[in-house]
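Residue numbers (the numbering used here): 986 to 1308.
Yeah, the Cβ is synthetic: ideal placement off N, Cα and C, and Gly gets one too.
Scroll down for the structure; my scribbles are underneath it.
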Amino acid sequence: MTVKVGFIGTGGIAQMHISALEKIKDAPIVAVCDTVKDKAVAAADKCGAKVYTDYSKMLADEKLDACYVCLPPCAHGTIEVELAGLGIPTLVEKPVHLDLKTARKAARIIEKKRIVSAAGYQDRYQKIIDRLRKFIAKRQVALFIGHWMGGMPGVYWWRRKNMSGGQIVEQTTHIFDMARYLFGEVKTVFAGGRWGVMKDVPKYNVEDASAVTLQFRSGLLGVIVSACCLDTGGRIGMDIYCRDARIEYTERKSLKISMSDRSECYNRTTDLAYAENKAFIDAVKLRKPELVRSSYPDAVKSLELCLAANESLKTRKPVSIRI
């Protein structure tokens, strides 16, 4: 079966997916859409696709078997709802939206129709994460500390909270999602933030740093810290503490498990972009949504968690996650 693919948005993350799809058999990109025509043309030239600047026209004109949505957080609107209504399998880059109500509406349609869907949490496809999940499944985790500590991305919309959602929603969301993937669902969120460090950056209103405490339904306690104000490198990943083991996960790089009598170290070997896209395309071909490790409805739960952290930053009060 050939899966004819379309793209809505052709920026940097779309280019990653386009490159991965070039390695996958029977997944031609037939149409690309971007409001900036030159960007759409440049993307189309790489894969021989038809160019659009209006996604509604693209959806009307093309018989797509799958569609990728690769947009800045603030640009989502009702696109996913429309795609779900048409029954088109869709891969949506994270964060899947900024409006939780609209995201939930799309998720309900996807679940009702059993449409294949995916979200851009590629970290779930790592073999080292498979190993980590297997290891902690036999243990009781006492505490974990997640971190996304680094500098500020250069795209203009990232520094505006109303456009990106802030670092928690747009960037550290990978750590929040991994926490859910490893440890289950969260019951309560409490966050604190730091402002005033990045005074030299124009039109900037995102928090410089934050610390979010998570109380999981299982009783597990976790803390996820973020910073976008560092000029000297940073740290991204997770430290996990069990009674008989300490685990260091460096995001998309390595896993180290330290026990009293030995240590085990593993490096990432997975081509994440390929693994994520192959799983999605295979799911569409075989009509098996379960092949995707991060479905759109599941990603909406990670969005809810990140937005709850933002709410707690704003109110300085704990926020309960909907059960």
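With a CB to CB cut of under 6 Å and the five nearest residues on each side skipped, what residues in its chain are close to residue i?
i       : result
Arg1231 : Ser1243
Gly1105 : Glu1078, Lys1079
Gly1222 : Tyr1234, Thr1235, Glu1236
Ile993  : Cys1018, Tyr1040, Val1054
Leu1298 : Ala1176, Gly1178
Ser1280 : Ser1102
Leu1276 : Ala1264, Asp1267, Ala1268
Ala1029 : Val1017, Val1036
If you compare alpha carbons, which of the options is closest to residue i?
i       : options                            : result
Arg1253 : Leu1271, Ile1266, Gln1107          : Gln1107
Leu1117 : Phe1168, Lys1035, Tyr1281, Lys1270 : Phe1168
Glu1047 : Ile1014, Gln1152, Lys1022          : Ile1014
Ser1065 : Lys1031, Ala1103, Ala1028, Asp1030 : What sits at residue 1065 in the sequence shown is Glu, not Ser. Cα-wise, what sits closest to Glu1065 is Ala1103.
Val1081 : Pro1187, Ala1196, Gly996, Glu1155  : Glu1155
Tyr1189 : Gly1139, Leu1205, Cys1059, Thr1173 : Gly1139
Gly1204 : Pro1058, Phe1129, Asp1193          : Phe1129
Pro1057 : Glu1067, Leu1083, Ser1287          : Leu1083
Leu1206 : Thr1173, Lys1238, Ala1194, Asp1193 : Thr1173
Arg1202 : Lys1238, Thr995, Arg1307           : Arg1307
Excluding the five sequence neighbours on either side, which residues of its own chain have a C-beta within less than 7 Å of the C-beta of residue i, listed in chain order?
i       : result
Thr1255 : Tyr1110, Gln1111, Lys1112
Asn1262 : His1002, Ala1005, Leu1006, Ile1009
Leu1068 : Cys1052, Thr1075
Measure the C-alpha to C-alpha separation of residue i and residue j and round it to an integer number of angstroms.
i       : j       : result
Ile1266 : Lys1273 : 10 Å
Arg1145 : Ala1127 : 36 Å
Ala1294 : Gly1033 : 42 Å
Gly1072 : Val1026 : 27 Å
Lys1035 : Ala1016 : 5 Å
Ile980  : Val1054 : In the structure displayed, the chain extends from 986 to 1308; residue 980 sits before or after that span and is not available.
Ile1114 : Ala1164 : 11 Å
Gly1150 : Gly1219 : 21 Å
Lys1119 : Asp1185 : 46 Å
Leu1257 : Ser1004 : 12 Å
Gln1200 : Lys1302 : 14 Å
Lys1241 : Arg1247 : 11 Å
Thr1020 : Val1269 : 27 Å
Val1304 : Lys1042 : 41 Å
Thr1075 : Arg1089 : 15 Å
Ala1051 : Val988  : 7 Å
Gly1131 : Ile1209 : 4 Å
Ile1153 : Cys1291 : 6 Å
Val1285 : Phe1161 : 12 Å
Ala1012 : Glu1249 : 38 Å
Asp1283 : Asp1224 : 24 Å
Val1171 : Thr1158 : 14 Å
Asp1023 : Thr1300 : 42 Å
Gln1000 : Ser1245 : 45 Å
Glu1296 : Glu1289 : 10 Å
Arg1099 : Gly1070 : 12 Å
Tyr1259 : Lys1123 : 30 Å
Pro1187 : Gly1062 : 27 Å
Spell out the partners DSSP gives residue i in its beta bridges.
i       : result
Leu1292 : Bridge partners of Leu1292: none, in fact.
Val1174 : Leu1199, Val1304
Trp992  : Rather than Trp, the amino acid found at residue 992 in this sequence is Phe. According to DSSP, Phe992 bridges with Val1017, Tyr1053.
Thr1217 : Note: Thr1217 sits in no beta bridge, so no partner.
Arg1228 : DSSP, once it has assigned bridges, lists no residue as partnering Arg1228.
Lys1035 : Ala1016
Gly1207 : Phe1129, Leu1199
Arg1179 : Ala1194
Asn1147 : Paired residues: none, contrary to the question.
Thr1235 : Gly1222, Ser1239
Ala1103 : Leu1076
Take residue i and list the residues in its own chain whose beta-carbon comes closer than 8 Å to its own, dropping the five residues that flank it on each side.
i       : result
Gln1125 : Cys1227, Arg1228
Gly1136 : Cys1213, Cys1214, Leu1215, Asp1216, Gly1219
Met1148 : Pro1057, Pro1058, Cys1059, Trp1142
Is the closest heavy atom of the ligand ATP to the C-beta of residue i under 7 Å?
i       : result
Leu1271 : You won't find the ligand ATP in this model; it holds no ligand whatsoever.
Counting only beta-carbon atoms, is residue i nearer than 8 Å to chain B?
i       : result
Leu1298 : Any reference to chain B falls outside this structure, which holds one protein chain only.
The segment 1169–1185 / the segment 1081–1095 touching (three or more Cβ pairs under 8 Å): no
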